[in-house]
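J.: I'd like to ask you about the structure that follows.
Protein chains in written order, with the numbering used here: chain S, -9 to 460; chain A, 1091 to 1319.
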């Protein structure tokens, strides 16, 4: 079971982390907001993308079959897997057959989800992360802190220290120099690796095109230099037509980094063709379910799968802003992680995720495909609560207290009587005289919240004589 | 492997869904009166360098300037098409160079480019590719809205020549400059332009450390686009 509370508490107690995070997230929010403000028909684009995803998810089987057909026509191979273990066993078997001992990887959240690196290492295949942020994370033996910026929580000083320790770089606070070191090391890996693995942002059913969006060029290299390219794609990433890409790309890059477009948008149509001078001889598209078809079955929760992984909901979330990505303890952090994790795993494994939100609604406002994250959170809370209620040992304290509350609040006489009772009794609960109240049985609530002391007279008692006087 | 199982799960999950149709009208995308200057502005905003060679015979001079900026004396040309379609006069040291998978390059004494170009060749292999300082290709399209060029792998070319070097030069004809990505996708059947097609906008970049922008993390650090008539 994942416990967010523990991670959250330690993140809140880490001043260095708080400092690193706050400036970077502020920059990210500004870039996104400025970039979106330039687009007059942003809302039209959002609605369009929402409608395309809704339609596609409702007919996912036929679009996936269409995608498969087109990929195969272009000389690619398509592998369907139910879960991470199947994906891993396919990849490791292929690598072993071809005596491949190293993989150059570009950023893939799906790869994180199925613990690809761990699986490769266990099979004696060396995974090399080539995205700079992911490379930093790999050297630090951590997990990504953010969907878009995996090493967002690290200061340049911390990265420099890490490079000094792991790859013998002379200490520096020059980000250019750190980046140049990574380029040199990773270029050597690119030129010697025989297997490349990338993720997929969009799979176009009509043309069999796999679209990979990036800034560094490492995905382009991972898909081009090695003899074999494997693209990992969640089954929900298919879109029907090439024309839809214009809308999705605009929404994705502006939401993610505030860029009008990223440096590279790669369109991959199968392996190298006979008259081409380079490129992989073999191309595999691995279509991964890993719990997605289960989410698809609920027509309301299904919209969770419309996510294009832009990360905008993380930046805007008051909870993510404070506790950061690691506190969630899951592959996907932030609001999208809060709804995706309990559904991909189960409510029992991630019971706190639906509660890691203030339900302020900022995630919905910022979501480029209009996923109703707050409503989904409520629905998932309901599920968690139902599971609790079903247990024989469950004492419905919350239910009872709400019933008493409702009974008290629905009559002015009862309300006044409650207030008098509290006024008389509050002396026992006052933390300090005249400050705030701490109720021992409710201290899970009152420890972080102030209940003001109740004044000697209620508003009605003060108001009544005045009214008579006039 | 699990094709049938996965598909069956998806089919069952979708079975009862009422489906709204696909939206059939794309939202509006911007157009520009002066597409070339929009293209230039956007390209420069990403750290790319723009040269306008539409109205003059300045191409040799522009290429000389690029060599000076990159501090080298050689251009590696992607294909014969670059010369033909851009009307660059050339002469082959080895007439067979284009009919075989070779890297074709021109050497310019003291960084001074003169036409006709005299072309030499080297083998198209990884080691040679990795040492190429500046490569030149011709873009089938450019996109004004974002300062983007389209790079495609055509017969007789490869994916790596434009990615591995520190600097890359793209020749783009003004008549192939489109307003936005909708126009591009409307004109192109993806997959017919080779196995790999990339929209490239400016130099390779990263902001993974403290959101600080650094150019040239994996791909070219210097990115030049020359607009021709």
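A virtual CB, placed ideally from N, CA and C, is assigned to each residue, including glycine.
Here the structure is a predicted model, which is why all the values come from computation and not from measurement.
Is there at least one Cβ from chain S nearer than 7 Å to residue 1137(A)'s Cβ?
T.: no
J.: Select from the stretch 331 to 363 of chain S all residues with a C-beta closer than 7 Å to any C-beta belonging to chain A, and list them in chain order.
T.: none
J.: At the 7 Å Cβ level, is residue 250(S) part of the contact set with chain C, yes or no?
T.: Structure shown: chain C not included; protein chains present are S and A.
J.: Of all the CB atoms in chain A, is at least one closer than 7 Å to the CB of residue 217(S)?
T.: no
J.: One question on the structure: do residue 246(S) and residue 194(S) come within less than 7 Å of each other, judged by their Cβ atoms?
T.: no
J.: By the criterion of Cβ-Cβ separation under 8 Å, what are the contact partners of residue 74(S) in chain A?
T.: Those do not exist, as residue 74(S) stays about 12 Å from chain A at its closest Cβ, beyond 8 Å.
J.: Pull up the DSSP beta-bridge partners for residue 1227(A), would you.
T.: 1260(A)
J.: Given this structure, state the Cα-to-Cα distance separating residue 280(S) from residue 334(S), to the nearest angstrom.
T.: 7 Å
J.: Grab the span of the alpha helix (DSSP H) containing residue 125(S) for me, first residue to last.
T.: Element bounds for residue 125(S): 122 to 129.
J.: Could you give the first and the last residue of the continuous beta strand (DSSP E) run that contains residue 1181(A)?
T.: 1180 to 1182
J.: Can a CB atom of chain S be found closer than 7 Å to the CB of residue 1301(A)?
T.: yes
J.: Identify whether residue 1312(A) lies in helix, strand or coil by the three-state DSSP scheme.
T.: Here residue 1312(A) carries a strand assignment [DSSP, helix/strand/coil].
J.: Across the stretch 70 to 82 of chain S and the stretch 199 to 219 of chain S, are there enough close Cβ pairs to call them in contact, namely three or more that are closer than 8 Å?
T.: Contact annotation: the stretch 70 to 82 of chain S does not touch the stretch 199 to 219 of chain S, with fewer than three C-beta pairs closer than 8 Å.
J.: Is the shortest distance between the beta-carbon of residue 111(S) and the beta-carbons of chain A less than 7 Å?
T.: no
J.: For the stretch 1264 to 1272 of chain A and the stretch 1115 to 1122 of chain A, state whether three or more C-beta atom pairs, one from each stretch, are separated by less than 8 Å.
T.: yes
J.: What in chain A is Cβ-close to residue 265(S), meaning under 8 Å?
T.: 1245, 1246
J.: From the DSSP output, read off the bridge partner residues of residue 92(S).
T.: 116(S)
J.: Could you tell me whether the Cβ of residue 1275(A) comes closer than 7 Å to any Cβ of chain S?
T.: yes
J.: Taking a contact to mean a Cβ-Cβ separation below 7 Å, would you say residue 1224(A) touches residue 1309(A) in this structure?
T.: no
J.: Under 7 Å between the Cβ atoms of residue 253(S) and residue 1228(A)?
T.: If you check the CB distance, residue 253(S) and residue 1228(A) do not come in under 7 Å.
J.: Does the beta carbon of residue 1213(A) sit closer than 7 Å to a beta carbon anywhere in chain S?
T.: no
J.: Taking only the alpha-carbon atoms, compute the straight-line gap between residue 1278(A) and residue 1170(A) and give it to the nearest angstrom.
T.: Each residue's Cα considered, the two are about 22 Å apart.
J.: Which word fits residue 89(S), buried or exposed, when buried means at least 16 other C-beta atoms lie within 10 angstroms of its C-beta?
T.: exposed
J.: With a threshold of 7 Å between beta-carbons, can residue 253(S) be considered close to chain A, or not?
T.: Interface criterion met: the Cβ of residue 253(S) is under 7 Å from a Cβ in chain A.
J.: Could you pull the start and end residues of the beta strand (DSSP E) that residue 192(S) belongs to?
T.: 192 to 194
J.: What three-state label does DSSP hand residue 332(S) in the structure shown?
T.: helix
J.: Can we say the stretch 234 to 245 of chain S touches the stretch 188 to 203 of chain S, given the rule of at least three CB pairs closer than 8 Å?
T.: yes
J.: Report the CB separation of residue 283(S) from residue 1099(A) in whole angstroms; it is logged as a contact under 8 Å.
T.: 4 Å
J.: Does any residue of chain A bring its CB to less than 7 Å from the CB of residue 24(S)?
T.: Look at residue 24(S): its C-beta is not under 7 Å from any C-beta on chain A.
J.: Residue 1118(A) versus chain S: which residues are under 7 Å apart at the beta carbon?
T.: 31
J.: Between the stretch 113 to 132 of chain S and the stretch 173 to 180 of chain S, are three or more C-beta pairs nearer than 8 Å?
T.: yes
J.: Using a Cβ cut-off of 7 Å (strictly closer), state whether residue 38(S) contacts chain A.
T.: Yes, its Cβ sits closer than 7 Å to a Cβ of chain A.
J.: Suppose you measure from the CA of residue 359(S) to the CA of residue 293(S); what does that come to, to the nearest Å?
T.: 9 Å
J.: Counting only beta-carbon separations shorter than 7 Å, does residue 1285(A) have a partner in chain S?
T.: yes
J.: Given this structure, state the Cα-to-Cα distance separating residue 1182(A) from residue 1280(A), to the nearest angstrom.
T.: Put simply, the backbone Cα of residue 1182(A) is about 33 Å away from that of residue 1280(A).
J.: Going along the chain, which residues of the stretch 166 to 177 of chain S sit with their C-beta nearer than 8 Å to a C-beta in chain A?
T.: 166, 168, 169, 172, 173, 176, 177
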